[in-house]
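Working notes for the structure below.
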Amino acid sequence: MRLPRFPTLRAVNNSIPRRLLALAAASTLVLAACGDDEESDPTDAGGGTTAEPSDTTTDDPGTTVAEPGTTMGGDTTMGGDTTMGGDTTMGPDTTMGGDTTTPGSTGGTVALEGGSVSVSGSSTVEPISVRVGELALEESGGDLQATVEGPGTGDGFELFCGGETDISDASRPIDEEEIAACEEAGVEYVELEVAIDGLTVLTSPDNADVTCLDVPALYALLGPESEGVTEWSAASELAGTVGSEYVDQLPEAPLDIFGPGQESGTYDTMVEFLGDPIEAQEQEETLRADYTSSARDAEIVAGVEGSSSSLGWVGYAFFVGEGDALKAIEIDGGDGCVAPTEETIADGSYSFSRSLFIYVNTAKAEENPAVASYVDLYLSDAGLATVSDAGYVDLPADRIEAARQAWADR
Amino acid sequence: MRGVFLGAALTAVVLSALILYTLFKGTFDFFRAIEWDFATLADSGWYPRSSRFDLRTIVIGSIVVSLIAMLVAVPLGLGTAIYLAEYASRRVRRIVKPIVEVLAGMPSVAVGFFAVYVIAPDLVSRVFDPRQPKNMLVAGLGIGLLVIPIMASVCEDALAAVPGSLREASYGVGAKKVTTVFQVVLPAAVSGIVAAFIISASRAIGETMVATMAAGAVDTAVYKGFSPLEPGMTMTAAMTNAVGGSDQAAAEAPFKVLFFVGFLLFMVTLLLNTIGDRYVQRVRQKY
Amino acid sequence: MALATPALGGRTAGDVVRANLTKSQRDVPGLLALIALLTSVLVTILVLFTLIGTILVDAVPFLRDRGGSFVTRTIGSNPDVIGLWPGLYGSFIIGLGVIVIAFPLGIAAAVYLEEYAKPTRFTRFVQINIRNLAGVPAVVYGVLGFTIFAGWLGGLTGGKTVIAAALTLAVLVLPIVMITSMEAIRAVPQGIRDAGYGVGASRWETIRDHVLSYAAPGILTGTVLSLARALGEAAPLIVVGALAGGVGLLPETSLDGKFTALPMLIYGWSGQPTDADNRWQFSNSAAAASVILLALVLFFNFAAILLRNRYERTRTGS
Chain A
0 MRLPRFPTLR
10 AVNNSIPRRL
20 LALAAASTLV
30 LAACGDDEES
40 DPTDAGGGTT
50 AEPSDTTTDD
60 PGTTVAEPGT
70 TMGGDTTMGG
80 DTTMGGDTTM
90 GPDTTMGGDT
100 TTPGSTGGTV
110 ALEGGSVSVS
120 GSSTVEPISV
130 RVGELALEES
140 GGDLQATVEG
150 PGTGDGFELF
160 CGGETDISDA
170 SRPIDEEEIA
180 ACEEAGVEYV
190 ELEVAIDGLT
200 VLTSPDNADV
210 TCLDVPALYA
220 LLGPESEGVT
230 EWSAASELAG
240 TVGSEYVDQL
250 PEAPLDIFGP
260 GQESGTYDTM
270 VEFLGDPIEA
280 QEQEETLRAD
290 YTSSARDAEI
300 VAGVEGSSSS
310 LGWVGYAFFV
320 GEGDALKAIE
330 IDGGDGCVAP
340 TEETIADGSY
350 SFSRSLFIYV
360 NTAKAEENPA
370 VASYVDLYLS
380 DAGLATVSDA
390 GYVDLPADRI
400 EAARQAWADR
Chain B
0 MRGVFLGAAL
10 TAVVLSALIL
20 YTLFKGTFDF
30 FRAIEWDFAT
40 LADSGWYPRS
50 SRFDLRTIVI
60 GSIVVSLIAM
70 LVAVPLGLGT
80 AIYLAEYASR
90 RVRRIVKPIV
100 EVLAGMPSVA
110 VGFFAVYVIA
120 PDLVSRVFDP
130 RQPKNMLVAG
140 LGIGLLVIPI
150 MASVCEDALA
160 AVPGSLREAS
170 YGVGAKKVTT
180 VFQVVLPAAV
190 SGIVAAFIIS
200 ASRAIGETMV
210 ATMAAGAVDT
220 AVYKGFSPLE
230 PGMTMTAAMT
240 NAVGGSDQAA
250 AEAPFKVLFF
260 VGFLLFMVTL
270 LLNTIGDRYV
280 QRVRQKY
Chain C
0 MALATPALGG
10 RTAGDVVRAN
20 LTKSQRDVPG
30 LLALIALLTS
40 VLVTILVLFT
50 LIGTILVDAV
60 PFLRDRGGSF
70 VTRTIGSNPD
80 VIGLWPGLYG
90 SFIIGLGVIV
100 IAFPLGIAAA
110 VYLEEYAKPT
120 RFTRFVQINI
130 RNLAGVPAVV
140 YGVLGFTIFA
150 GWLGGLTGGK
160 TVIAAALTLA
170 VLVLPIVMIT
180 SMEAIRAVPQ
190 GIRDAGYGVG
200 ASRWETIRDH
210 VLSYAAPGIL
220 TGTVLSLARA
230 LGEAAPLIVV
240 GALAGGVGLL
250 PETSLDGKFT
260 ALPMLIYGWS
270 GQPTDADNRW
280 QFSNSAAAAS
290 VILLALVLFF
300 NFAAILLRNR
310 YERTRTGS
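Protein chains in written order, with numbering that gives the first Met the number 0: chain A, 0 to 409; chain B, 0 to 286; chain C, 0 to 317.
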């Protein structure tokens, strides 16, 4: 069994001994006022050394070797117990993660140039770009340094077309306004598809009535006309009007919505998927405004988990990471209910599949070899292996080839 | 030499002027960005990117969170102050006072961490079973912790300022300790305690990180009224969320609202601090 | 003396008074009050201990396991391998900025206001100004820093960089440094100054050698406390554009690029989803970063408290 994450009652069973331990630990700390110095010592020691990325032997992002079975139960508490009563943990060197994706398994090793690369954009793509960045840091011995952040696809393009970033992550293709902005600023770029994502519509596992929805029903829950709807069932009438076959699936329960905001490509994708009913109802291409939005996917996921009748949507990776704490609502795109899985997303039978992209500023790639190196690594086998590690679905071989070709032809 | 020192002192004035200028200018830009359409300031819910800036949502958020914080901080802070000033022996004082001061130096992110990982799941969720684990009550309790030491130290100063002769007179006519403390010393220190209350309230309203991390609403907030068990957004959290790690909208209303809310926050805390200061001065003049 | 005593059930008035003074009485309101007061003190202490304890329980095993690599590595996607080096670097520069900018400016202003300024309306205005500045919420200073240090002075600071952040926090603690230094200088007895003038020292020499050296412990206490405050602030950093910990990546630590700081890492790491494949979670790294930040802040706080106690002893001791 997997323990739910923090917002739920994680610590019910063990919190009392845990608190006691906490108290004991705290008293020692506070009474021996300088006890903290022990912890701050490594700080001082580290002051002189520069950040060295790895011992290069066994550490990549990826699956851990260290007892996955035992860590499952909730490391915080377990860890607490072990250390308090005698330390059984391994030495720092042996525990550093460790990995199964051997760097050698690439189709030819990439020669990496040192330098710095700045990546911004989609928070959905961010986990991939971060992992590639970590790989680059390691493979180059710390010379190739990529700074990655994820304010959202729209915000990312704003920076990208302003020439402030080298690479922009995007969970949707660049739109016309953004193309115009880039053109005006003289920023030329190449679009590279890097992964497939299934936009995953989520609810709490407690929300048993809702298992499958179609686009009209989602329109009735999330579309511009749904504003002010605070109960699932209150959307029934509208759902019926726009032709949903799942009207009776909507329970009489509060509708707590969590999702990305308008800066996000994942928001735009949802608008796009709801395009038919939006057009049929002659509405503007937006969603309702009155829900809790966040640029941080972790907050969305926490919100959906927190409420027993929630509704939310995120990239597939943020759902698979959460296991039983979340339930993905199946989507009926016309051919029956399909749940998002790696297979259904890859073969497109899950109708909310979409591509994830990176946009590379070609001028910057020209003048800064580090940018080119980073993209080379991104598109190498080792780089693309991070896609599934991050929780997304690998591109089929022909589309990988197309991306590599597009990059080579830049 | 004098000129150098004068220059240093003038930086304070320059700073105040810069703060005011920044906030005024930004507020003006914000109003221009929303085209002086004040209706957007009263449209239900806080959805900056949809150009809906319902002040009621975040003002009520701030009020609810600060009220809860004060409910925690006033009794605990005042109680601690009375104990330290009137009851504690020298030795107890020497132990307790530094502990309270440690709490005063606690970084607010650490309290935010505590609110998210302990107050929310282990206290609020278990006792009240709210719809969302992060809500205004959690944030209020966390901020309350941060305000306790401020309340305690200003109150203690006020109590210490009450002349010993008052206590001696009270004992002299045969009053008990409890009578002396609660009917002689406390009334004499009342303006100082009012000052502590006001200064604490100002701190609670201005506290940002705990509200950002634990109050529940993130980039947008649905208007949920005064219920403390609902997720909400404070004015301070609205400011940090307006920045949201990106400057994409730097020229637009969803970003510029940062200045407007900052301006409101500045005015509210300035007003409270000025009133609080008055009361502090009154204590000084009286004794 | 044979005074007629009123009938008191065979006892004299003296007996009654004596009994009232000596017999053990149950002072119920007094007891209740004491219990209430003690409860509030204990609850306060207990909460503080729980807070520190929770953080330690999450952090200590993690720190033991990760050891020095948690300090020297950079942030990233996997708590098993990430570190907080960029945060330490950012906080170090911010601390340096506070020491270099806020301390001298604040002390100089205090010297002017206490030693040079006549009690004019202008002086009073400046003093009120400083008090008001001390009450301005930290996040508003962030707005100031964003506009002035990252905007107007962007040419000097490089925009939204750690230098802009250091300036912002220096300005944030400036009024605190001023106020505490003023109080310390005000506490210097007039006799100390007179002694200086008496041996023919100039005003500046008197201030430098007599007033400031006498006030030094008090000034130091205030400045050290303000340094602790600056290291713990996160809100202004968000506004100035610091990167939060979490899923991002920041391998470089530079004065002119993206930056972060310890409190920003705690903010970003708190609330990240758990990953069952990992040995450690972001909650552990957040707790560990909190322990290191707390250690720094508490170190400065204790230093300040010790200084003050010593100062009080030497002043009252003789």
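We put the CB at the ideal spot given by N, CA and C, even for glycine.
Is G195 of chain C close to chain B, meaning its C-beta is less than 7 Å from at least one C-beta of that chain?
-> no
Out of C:V99, C:T11, C:V27 and C:L261, state which residue places its alpha-carbon closest to the alpha-carbon of A169 of chain C.
-> C:V99
Identify the continuous beta strand (DSSP E) that holds N240 of chain B and give its terminal residues.
-> Run containing N240 of chain B: none in the beta strand (DSSP E); it sits in the alpha helix (DSSP H), M234 to V242.
F258 of chain B versus chain C: which residues are under 9 Å apart at the beta carbon?
-> V142 and T146
Please state whether DSSP places V360 of chain A in a helix, a strand or coil.
-> Position check: residue 360 of chain A holds Asn in this sequence, whereas Val was assumed. Strand.
Compare the C-beta of A216 of chain B with all C-beta atoms of chain A and state if any pair is closer than 7 Å.
-> yes
A160 of chain B (DSSP reduced to helix, strand or coil) | helix
Can you give the Cα-Cα distance for D112 of chain C and T179 of chain C, rounded to whole angstroms?
-> First, the residue type needs correcting, since residue 112 of chain C is Leu and not Asp in the sequence shown. L112 of chain C and T179 of chain C: Cα-Cα distance of roughly 12 Å.
Starting from I330 of chain A, follow its DSSP beta bridges and name the residues at the other end.
-> A:L212 and A:V337
Taking Cβ positions only, does A316 of chain A come closer than 7 Å to chain E?
-> The structure shown contains no chain E; its protein chains are A, B and C.
Inter-residue Cα distance where the pair is G256 of chain C and S117 of chain A | 10 Å
What distance in whole Å lies between the Cβ atoms of V392 of chain A and A345 of chain A, which are believed to be in contact at a cut-off of 8 Å?
-> 5 Å
Three-state secondary structure (DSSP) at A233 of chain C?
-> coil
Do you know offhand how far A58 of chain C's Cα is from G390 of chain A's?
-> 27 Å
Hey, does G104 of chain B have any beta-carbon neighbour from chain A nearer than 7 Å?
-> no
For V217 of chain B, which of helix, strand or coil comes out of DSSP?
-> coil
Going by beta carbon distance, what residues of the same chain come within less than 7 Å of G264 of chain C, once the five residues before and after it are set aside?
-> This sequence places Leu at residue 264 of chain C; Gly is not what is there. The answer, listed in chain order, is I74, L83, G86, G244 and A288.
Bounding residues of the alpha helix (DSSP H) (the contiguous stretch that carries T43 of chain C) = V27 to R65
Grouping DSSP H, G and I as helix and E and B as strand, with all else coil, what is T291 of chain A?
-> strand
D154 of chain A to G260 of chain A span [Cα, whole Å] | 11 Å
Tell me, which residues are paired with F52 of chain B by DSSP?
-> B:W45
Chain-ordered chain C contacts of T10 of chain B [CB-CB under 8 Å] = L104, A108 and L173
Closest residue to N206 of chain A among A:V313, A:P250, A:R398 and A:G333 (Cα-Cα distance) | A:P250
Hey, V161 of chain C and G231 of chain C are a contact pair by Cβ (cut 8 Å); roughly how many whole angstroms apart?
-> So it is not a contact: roughly 16 Å between Cβ atoms.
Which bits of chain B does E298 of chain A rub up against, with CB to CB less than 7 Å?
-> V217
R277 of chain B burial status per 10 Å Cβ neighbour count (16 or more: buried) = exposed
For A145 of chain A versus Y358 of chain A, is the C-beta spacing smaller than 7 Å?
-> no
Which first and last residues belong to the alpha helix (DSSP H) in which A428 of chain A is found?
-> With chain A running from 0 to 409 in the structure shown, residue 428 of chain A is simply not present.
Among residues of its own chain, excluding the 5 on either side of L271 of chain B, which ones have a beta-carbon nearer than 8 Å to its beta-carbon?
-> I197, I198, A200, S201 and I204
Of all the CB atoms in chain B, is at least one closer than 7 Å to the CB of V70 of chain C?
-> no
Could you say which of B:A188, B:N240 and B:F113 lies nearest to T211 of chain B if we only look at CA atoms?
-> B:N240
Between I175 of chain C and L132 of chain C, what straight-line distance do the alpha-carbon atoms span, to the nearest angstrom?
-> 9 Å
Examine the Cβ distances between the segment 264-276 of chain A and the segment 152-170 of chain A and report whether three or more of them are shorter than 8 Å.
-> yes
Verify the CB distance criterion: does R48 of chain B have a CB-CB separation below 7 Å to chain A?
-> yes
Out of A:E176, A:C160, A:Y188 and A:A194, point me to the one whose CA is closest to S387 of chain A's CA.
-> A:A194
Kindly indicate which three-state DSSP category D255 of chain A falls into: helix, strand or coil?
-> strand
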